[in-house]
Structures are given as structure tokens and as C-alpha cells.
Amino acid sequence: MTTAIRVEKLCKRFELGRSSQYLTLRESIAKVAAARLRGGGPERTGSSDPDDGFVWALRDVSFEIPKGQVVGILGGNGAGKSTLLKVLSRITEPTSGRAELRGRVASLLEVGTGFHPELTGRENVYLNGAILGMRKSEVRDRYDEIVSFAGVERFLDTPVKRYSSGMKMRLAFAVAAHLRSEIVIVDEVLAVGDNEFQRKCLGKMNAIAGEGRTVLFVSHNTALLSNLCERGLLLVDGELRTDAPIKEAVAEHLRTYERAATSDLLQRTDRAGEGELRLGAVEVFGTDGGHKGPPTPGGPVRFVFHVPDAPGAWDLQFMIYDQQGFPVASLDSRVPENARLSPDREGGPLICDVPELPLVPGCYRLNTALFHRGYLQDHLQGAAVFEVSEGTFDGRAVEAKRGSGTVLLRYRWVEAETMPCEVT
Amino acid sequence: MSGKYDGESRTIIEASEGFGSLDLTELWQFREIIGFLALRDLQIRYKQSFLGVAWVVVQPLLTMALFAVLFGLLLGRDRMPTIEGVPYTISTFCALVPWTLFATALTASSNSLVSNQNLITKVYFPRLAIPIAPACAALVDFAAAFAVLLVMMAIYGIVPGAGLVAIPFFTLLAVASALALSLWLSALNAMYHDVRHVLPFIVQLGMFATPVVYTTAHLLGSQPAWVQTVYALNPMAAVVEGFRWALLGGPLPALDLLAGSCCGVAIALFGGLCFFRRMESTFADWV
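Going line by line, the protein sequences match chains X and S.
Letter by letter, the first sequence follows residues 1 to 424 in this note's numbering.
Letter by letter, the second sequence follows residues 1001 to 1287 in this note's numbering.
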């Protein structure tokens, strides 16, 4: 069997705070000056390993993929999945190491990959063909197939900027799937689109693999990966943790997810309160299907709070904030209607179950306030961070996009004649 | 990026070291992309504008009219800075056509990496296509403006001589000058957004340092020879005076100075290509 992708000791280093930020000459001078002046400034969040302002997105990643294999890439946020795909798609250059690809690479890195909003659907198909190094005539041969697969016949002469995100995604997938390429790289795109199209895409991905094309597939949807892929690569902090059959890789991924959520809070010093009791760990996970996993919209979520060596019952109030820092909800163990917690309970962990999470995909954080004998014992900001992945709520697909609010509501539209309540 | 197609379809991705090679064969493989990007530039520019392609001539015509009135009032109708026997308007429009080509190509190319970040961060193709495409689009604009110039000349009864055959050369020199500058500027622009603020200033300054709204003879006629030499090293001065010579029968540019500025452009262009190739691996991380 011939090798389609060979990756040897691939490393990628990013400078902190550099990507996608405007940088002016003055700023880069100011940054150097500020770095010298700044002593113990406020801690930075989100940077996993700041060694001198650098973050290693990939460390010594090596693997080999034979032609025609369908491989899933797993890992939490910031584990390096997208960076790996970007390096393999030649968007960004590795810091060191080497990769060898046999065949043309079609990559679908985000919705509307490589589409230009001002060009029409038709022109974008040809543009993408040209990007893959195809002649016009070659694109023309596959053009009808692409258009009918994407189902955008009526909008071919409309600029892509007027397409819905679903239409863009369908066209992008159709282009990547049908244009001549031996290697297909797909980053978390099947989460968008309606169920019918997802089924169609999955069928197409299987067909692609059947044609002997190699597929690299990133998704948070572990069920999807288990179905589609034969092999899984699990990245943790930029390192290749597991390279195994997909089922094993998925299981390992879920275990790392658990571990990450129970990091040691006792190390933190930025806390307020009496301090007799301290919050040791917070776990946030989805419990859909009886397994721990990432919280999904509409799915059940469990918050577990651990306090080591608690002498007796304690209470907890926590607030959920969205990515912009706006408070979303406050949950309190002391509310009277919460009859399940008896006042003379032991000092074990507190568990808070939310049967149906009404939050859109995104990143959320918790501030916690721990109470014991009526005093505020321990107040922590950002005690836990959790990511809500894409999913379905009330039968609707919920995708990650800006400007769709934070909270999901159940609703039904009713016609005036059949309005169930009486209006006087 | 040192990745390249090796034989049929093997791609090697490695960290690039040193200045690498100026491998342009890959750019040739991807030549259709340049066409697409150029087409797109034109579409974007004219799709949602009322006057559309007419803008190609409206701008130089207005500039021409402005300076005709200005110099008419300042210097008097009979002392306009033009070549002998040719109306000032024609002499100036004839210079504005190649100058606009240069200015448009320079501005669009220098901003191209920033305005194409959606492509740079998502798909791979030779990055050189990005600054080259706007220059090609500017050539299309130039063709339209050139046609208008020929019509204007016909109205005034001016017939170009055999020098007309030199027009492609001077056009190429204008595009090469624009690219020589913008390869540097576009790469710098990806890193330092200061460039976009400096750019309009460079273009404005350049227009007055180039004999566009006057002729070299009027400006430097009585200056010492070395001043004239320094002035003529500006490749766009050679282009503009070359256009006047070829179309309107103006004085022939000094050939040794022309050769000098061609060499200058060639060196800057080569340096720009090397610099661009050196920096291109980091564009996606910067923009």
C-alpha cells in the first residue's frame, strides 16, 4: 500500500497575541518596550504554555497515512488540530519538521473556504478549480455534478455573499468532493447544514474513500468520527497522544476531556472570602447517552463541584458568563425550592444537573461563590471554562455563528385560526 | 513556503531556510488564478458603481481639467507647460493614462495581501499571484483609457508616428515599476499596516515628482545637467515622456538614462521577488 501522507516531527510555534491582530510598526516597538516594563502583570488566560511569548501548537507530530484511509483527528480546543490541517494544506509553514503529500490536496477548512463573496457561485467553482491547479475544461466536466450535489442551481449567478451559510457550505463541500484531488482535508464543517445534507455528505465521504482518496477529517462529533473513520489521531497540547483505531482514540479523547475539566483549583491564589473551605475542582460535562462528553445545546449537562476535606454541608452559587463576559444565568444551591439537598447532608461534592442546556455553541466560564455557615468562604472567577459544541435544540440544528444570541428557547409558530389560547 | 510540486504530484512541506530559490514555475502552473483574481478585482471595482467602467476615464479627465484651469490662471493660456504644438489637455491626458496605470497597480497590489486574507488563510496557491493580479486588472483599465486617449487625439487631429510601436515597452516599464515597489510594500503591509497610510502619500508625491501635469523641459529646462540626470532616473518620468514622444511627437527620452532606470527597475523587481518569496510563508500568520 502506498503512503499518501507522511509527517515527520512536525512542529509549529506561534507568537502569542500575534495572529489576526493588526500590528503597526509603532505597536511592535511599544510591545518590546512594554514587555521589559511589565513585571507581574495580570495573568493571561487562554495561553497554555507561554515560554517567552511563544506557544507550540504542534510538537514533534509524526504519522503516516496510507492511500485511501479515512482518518479522524480528535482533540480539545487548542490541541493543534486546525494547525495541523493548515500546515498540511500549506496555508501556514511548519517551524520545523517535514510533511510529504502524494497527490493534490483539497481542503475545506471553514465554511465557504476560498470563496470570494463578490463572485457568483459559478465563478467561485472555477476559482476553486484553478486553486487546485485544474484546467477550465476539467472543471467544466465536473461542473454539473457539483451544482446538482450542492443543490444551488437557482443561485449560480448570485454573488456568494448573498448565500446562506448552509448554501455556502454545501457548495464548498461539493467542490472539495468533486474536484480532482487525491487528498481531502475537512475541518469541522459537517456540523453545519441540515440533517439531509449531512447524510448526503457522509455518503459522499464514504464514496470518496472508496475511490481510493485519502480523507483527513476533524470533528468534535465523536459519534460521526466513529462512523466514518477507521483510524483516529488524538492531539493533546500539540502532541500526538494516541494513534489508534478510531474507537480507541475516541475513548482516550473522552478520558482526556474529563481530566482537563478537573484541573486543580487549589493552586490558585486569586480568590476572595474567608478561606476556611476552598473549591478544589469543577467538572462540567455533557451526559448525553450516559457518557461524559462535551456539553451540547439541548443536551443534559452536569456541573460537579468538589471541596476537599469539607467538615460539613456547604452551599454553592455559580454564575455562567458568555464569551463577551455577559452573565447568562445564576444557579444557587440555597434556593428553597431545591428540596433535594437536605440541610444535614455530608460535605461531599455538589452536583447540579441541567436537563436541557439552552445555550448556543461557544465558550462559557463560571464564577463560583462557596458558602459555609452563612459566610462567603471562597470566591473564584473563571473556576471553570466549558465549551458548548454544535448540536440540536428542539429539533433545530444549532451551529456556531455570531449574532445568534446566547440563549436558545423552545418555540412554536401558530396560525391565528388555531391559536390555542383565547384572546378577549 | 518551500513546498512544491515535485514531478507529478508530490508535495513536500518543510520550513523554508534562507532566501530559497526564485522558483516561478509553480506560478506558471497556477496562471489561471491570476486571471481569476484580476477578473474579480475588476468586477468588485465596477459592479456596484453607477458610472462603472467610465471611472477609468473620469478620474484622469477631471485631473486634466483641474490642472488645465489651474495653470491657465497661473501662467496664462499661452505659457502652459506642454510640448510644442500640442494642447496642454492632450499632453497631460497622455501622461495621466500611464500614470494612472502605475498608481492603480501600485495601490491595489500593495493592499492585495491584506484584502485577500480570506484566501490566504484558507487555501494554498502561489502567493505571488495575489499582487500580480491587480496589476493585470489595472492593464485592462489602462486599455480603456488608452482608447479614449486615441479618440481625443483623433479629435485634435494628432496622428501618432512610428513611435507607437514603443508603447508596449513603456507600458511594461510602468507595470514593472509598480510591481517592483508593490512586491516590497505588499509584504510589508501584511506585517505593518502603516503601509496603507503611507501609500496614498507615495502616490501623490510621485505624481508631482513625475512630469505628469507638466513636461520635463518646462520644469528643468534651465537646470544643470546633473539635476536633469537625477530626475530622469525616476522610471515613471521615462514612461511618461516616452508616451509623449511616441504619441505626440515630444522629445525623445535620453536613451542612456532610460537604460539606467530600466536597470534600476529590474534590480528592485528582482529584490522584491526575493523578499516576497522569503516572507510569504508567514503571511497567513500575520494578516
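Where a beta carbon is used, it is the ideal one built from N, C-alpha and C, also for glycine.
TODO: Please report how far the alpha carbon of proline 294 of chain X lies from the alpha carbon of arginine 302 of chain X, in whole angstroms.
DONE: 10 Å
Open item on the list: Between threonine 95 of chain X and chain S, is the shortest Cβ-Cβ distance under 8 Å, so that the two count as touching?
Closed with: yes
- [ ] Report buried or exposed for arginine 170 of chain X, applying the criterion of at least 16 other Cβ atoms within 10 angstroms of its Cβ.
- [x] buried
- [ ] For asparagine 227 of chain X, name the three-state secondary structure that DSSP assigns.
- [x] helix
Open item on the list: My parser needs the beta strand (DSSP E) runs of 3 or more residues fully inside the segment 144-197 of chain X; what are they?
Closed with: 183-187
Open item on the list: With DSSP as the reference, identify every bridge partner of serine 96 of chain X, one or two as the case may be.
Closed with: X/Cys11
Task: Secondary structure, alpha helix (DSSP H): runs of 4+ residues fully inside the segment 1252-1277 of chain S - done: none
Task: Minimum Cβ-Cβ distance from isoleucine 1044 of chain S to chain X less than 8 Å - done: yes
Open item on the list: Please report the distance separating the alpha-carbon of serine 165 of chain X from that of leucine 109 of chain X.
Closed with: 14 Å
Open item on the list: Does any residue of chain S have a CB that is nearer than 8 Å to the CB of tyrosine 126 of chain X?
Closed with: yes
Task: C-beta neighbour in chain X for glycine 1007 of chain S, strict 8 Å - done: Caution is warranted here: a pLDDT of 40 is assigned to glycine 1007 of chain S, below 50, making its placement in the model unreliable, and the coordinate value is therefore given only provisionally. Not one chain X Cβ lies under 8 Å of glycine 1007 of chain S.
- [ ] Mind listing the chain S neighbours of isoleucine 91 of chain X? Cutoff is C-beta to C-beta under 8 Å, in chain order.
- [x] Ile1120, Thr1121, Lys1122, Val1123, Tyr1124 and Ala1284
- [ ] Return the residues of the segment 1258-1286 of chain S that lie within a Cβ-Cβ distance of less than 8 Å from chain X, sorted by chain order.
- [x] Ser1281, Thr1282, Ala1284, Asp1285 and Trp1286
- [ ] Please state whether DSSP places proline 336 of chain X in a helix, a strand or coil.
- [x] coil
Task: Whole-angstrom C-beta distance between alanine 172 of chain X and phenylalanine 149 of chain X, which should lie under 8 Å - done: The Cβ separation is near 11 Å, so there is no contact.
Open item on the list: I'd like to know whether the C-beta atoms of alanine 58 of chain X and threonine 1011 of chain S end up nearer to each other than 8 Å.
Closed with: Residue identity differs from the one stated: residue 58 of chain X is leucine in this sequence, not alanine. No.
Open item on the list: When you compare the CB positions of threonine 1210 of chain S and valine 1165 of chain S, do they come within less than 8 Å of one another, or not?
Closed with: no
TODO: Please say whether leucine 202 of chain X and leucine 228 of chain X have beta carbons closer to each other than 8 Å?
DONE: yes
Open item on the list: For chain S, check one thing: does any of its Cβ atoms lie closer than 8 Å to the Cβ of alanine 4 of chain X?
Closed with: no
Task: Exposure of glycine 1272 of chain S, with buried meaning 16 or more beta-carbon neighbours within 10 Å - done: buried
Task: Inter-residue Cα distance where the pair is alanine 99 of chain X and cysteine 1274 of chain S - done: 24 Å
- [ ] Note the first and the last residue of the continuous alpha helix (DSSP H) segment covering aspartate 243 of chain X.
- [x] Premise fails: aspartate 243 of chain X lies in the beta strand (DSSP E), 239-245, not in any alpha helix (DSSP H).
TODO: Leaving out five residues on either side along the sequence, give the residues of the same chain with a beta carbon under 8 Å from the beta carbon of asparagine 1116 of chain S.
DONE: Leu1037 and Ile1130
- [ ] Using the Cα positions of leucine 1062 of chain S and leucine 1074 of chain S, report the straight-line distance between them to the nearest angstrom.
- [x] 18 Å
TODO: For arginine 1127 of chain S, return the contacting residues in chain X, with the cut-off set at a CB-CB distance below 9 Å.
DONE: Within chain X, no residue comes near arginine 1127 of chain S; the closest Cβ sits about 10 Å away, beyond 9 Å.
Open item on the list: Mapping the DSSP letters down to three states, classify tryptophan 413 of chain X as helix, strand or coil.
Closed with: coil
TODO: Using three-state DSSP, classify glutamate 283 of chain X as helix, strand or coil.
DONE: strand
Open item on the list: With a threshold of 8 Å between beta carbons, is leucine 119 of chain X in contact with chain S?
Closed with: yes
- [ ] Quick one: which unbroken beta strand (DSSP E) runs of 3-plus residues sit fully inside the segment 347-381 of chain X? Chain order, please.
- [x] 350-354 and 362-372
Open item on the list: Would valine 407 of chain X pass as an interface residue toward chain S - the criterion being a Cβ-Cβ separation below 8 Å?
Closed with: no
- [ ] Express the C-alpha separation of tyrosine 1124 of chain S and threonine 1025 of chain S in angstroms, rounding to a whole number.
- [x] 16 Å
Open item on the list: Would proline 101 of chain X pass as an interface residue toward chain S - the criterion being a Cβ-Cβ separation below 8 Å?
Closed with: The displayed chain sequence assigns leucine, not proline, to residue 101 of chain X. At least one chain S Cβ lies under 8 Å of leucine 101 of chain X.
TODO: Within the same chain, show all residues whose beta-carbon is closer than 8 Å to that of leucine 1179 of chain S, passing over the 5 residues directly before and after it, in chain order.
DONE: Ala1105, Ser1109, Pro1131, Ile1132, Ala1135, Leu1269 and Gly1272
Open item on the list: Rounded to whole angstroms, what is the Cα-Cα separation between phenylalanine 1146 of chain S and proline 1160 of chain S?
Closed with: 13 Å
- [ ] Check the Cβ-Cβ distances between phenylalanine 1050 of chain S and every residue of chain X, and say whether any is below 8 Å.
- [x] no
- [ ] Report the partner residues of phenylalanine 303 of chain X according to the DSSP bridge assignment.
- [x] X/Val284 and X/Cys352
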